[in-house]
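Throughout the sequence shown, residue numbering follows our numbering, covering 29 to 289 in sequence. Everything on this sheet refers to the single structure shown next.
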Amino acid sequence: MKVLMIGDVVSRPGRTVLKEQLTSLIEEYQIDFTIVNGENASGGNGITEKNARELFNLPIDVMTMGNHVWQQKEMVHYIEKFPRIIRPLNYPEPCPGKGYDFFEHNGKTICVMNLSGQIFMPELDSPFNLFSRVWPEIEGKFDLLIVDFHAEATSEKIAFGYYLDGKASIVVGTHTHVQTADERILPGGTAYITDLGMTGPLNGVIGVEKDIIINNMVTKRPERFVIEKARPWQINGIVVETDDCTNQPVKIERLYRIYEE
């Protein structure tokens, strides 16, 4: 089986480049299952119901989220309509939606989980302790366990990768919008990368017009963020191949594509 995971989709450029390129990428890599992080898909902050429907019209099997999951207030009301949206498990029980779920695909049971980090992030439950509490509930019920760890600090993401090594099939970091070059299979057999990167404008600062960010850093005066709309646009992610008999990852490949037109 081949799994494609796409880094944070940023606003209209991210949605548009996926519409233009996702199907051909799936065909090129012969992908079986596709997971996209959509927490920045609407104006860079959260995702609207309209944009969720737009993305799910593409060959996307599951969408994970992150710390902007509730940024679009309507999400609280419509997330239950989208069983293929997985939000961070750390949010307390009154929050709608779910932090993991099981999906049947090509005879395999795939568990997709989303967790949020704690360092420089909203104050949520420890992802380490929370995973340990949930593990007895899911152990033995899946062929593949895929975890999107939405976190800021590289140290926390690396530590979490080792914490899940041998339990999860794939652990990826999201959130920083900057792809890391450390993709590998950990000693216990888990395919890992510290950050998938982002899907959207290449020449902004993690998606925002660069002059706005530079002026903010030079003057220390706040300014409304505006998404960079001009091309080139990029798609960042990974492709992981697993053995159909053992379900163990055998190959992880970083995906970094730039589209000028």
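Every residue, glycine too, gets a C-beta built ideally from N, C-alpha and C.
Chain-order list of residues whose beta-carbon lies under 8 Å from that of residue i (same chain, five-residue window excluded)
i, result
"Asn-231", "Lys-238, Glu-256, Ala-258 and Pro-260"
"Val-206", "Asp-223, Gly-225, Met-226 and Ile-234"
"Tyr-191", "Phe-156 and Phe-159"
"Pro-116", "Met-93, Gly-94, Asn-95, Val-97, Gly-127, Asn-142, Leu-143, Ser-144, Leu-152 and His-178"
"Glu-132", "Ile-138"
Residue from the options with nearest C-alpha to residue i
i, options, result
"Phe-130", "Ile-138, Pro-124 and Pro-116", "Ile-138"
"Met-29", "Ile-280, Glu-289, Ile-198 and Thr-270", "Thr-270"
"Tyr-284", "Val-200, Cys-273 and Val-267", "Val-267"
"Gly-217", "Ile-240, Thr-208, Ile-242 and Gly-189", "Gly-189"
"Ile-54", "Met-33, Val-38 and Lys-279", "Met-33"
"Val-278", "Val-246, Pro-250 and Ala-219", "Ala-219"
"Cys-273", "Asp-36, Gly-71, Lys-136 and Phe-110", "Lys-136"
"Lys-109", "Asn-118, Glu-132 and Phe-84", "Phe-84"
Rounded Cβ spacing between residue i and residue j (contact assumed at less than 8 Å)
i, j, result
"Ala-80", "Ile-113", "7 Å"
"Leu-172", "Met-141", "Contact doesn't hold; Cβ gap of about 11 Å is too wide."
"Gly-228", "Pro-41", "5 Å"
"Tyr-287", "Gln-49", "7 Å"
"Asn-65", "Asp-176", "6 Å"
"Pro-120", "Ile-107", "Pro-120 to Ile-107, Cβ: 15 Å. No contact."
According to DSSP, residues forming a beta bridge with residue i
i, result
"Asp-171", "Note: Asp-171 sits in no beta bridge, so no partner."
"Ser-154", "Answer by DSSP bridge pairing: none, since Ser-154 is not bridged."
"Ala-219", "Ile-198 and Ile-213"
"Thr-92", "Asn-65 and Ile-114"
"Phe-84", "In the DSSP output, where bridge partners are listed per residue, Phe-84 has none listed."
"Cys-139", "Phe-130 and Leu-173"
"Val-37", "Thr-227"
"Pro-277", "Thr-270"
Cβ neighbours of residue i in the same chain (closer than 6 Å, five flanking residues each side left out)
i, result
"Glu-184", "Gly-145 and Ile-147"
"Asn-244", "Glu-251"
Nonlocal neighbours in the same chain, by C-beta distance under 7 Å from residue i, ignoring five residues either side
i, result
"Glu-102", "Thr-76 and Glu-77"
"Asn-10", "Since the first and last residues shown for the chain are 29 and 289, residue 10 lies out of range."
"Asp-210", "Ile-221 and Thr-222"
"Ser-154", "Gln-146"
"Thr-182", "Thr-222"
"Ile-241", "Val-233"
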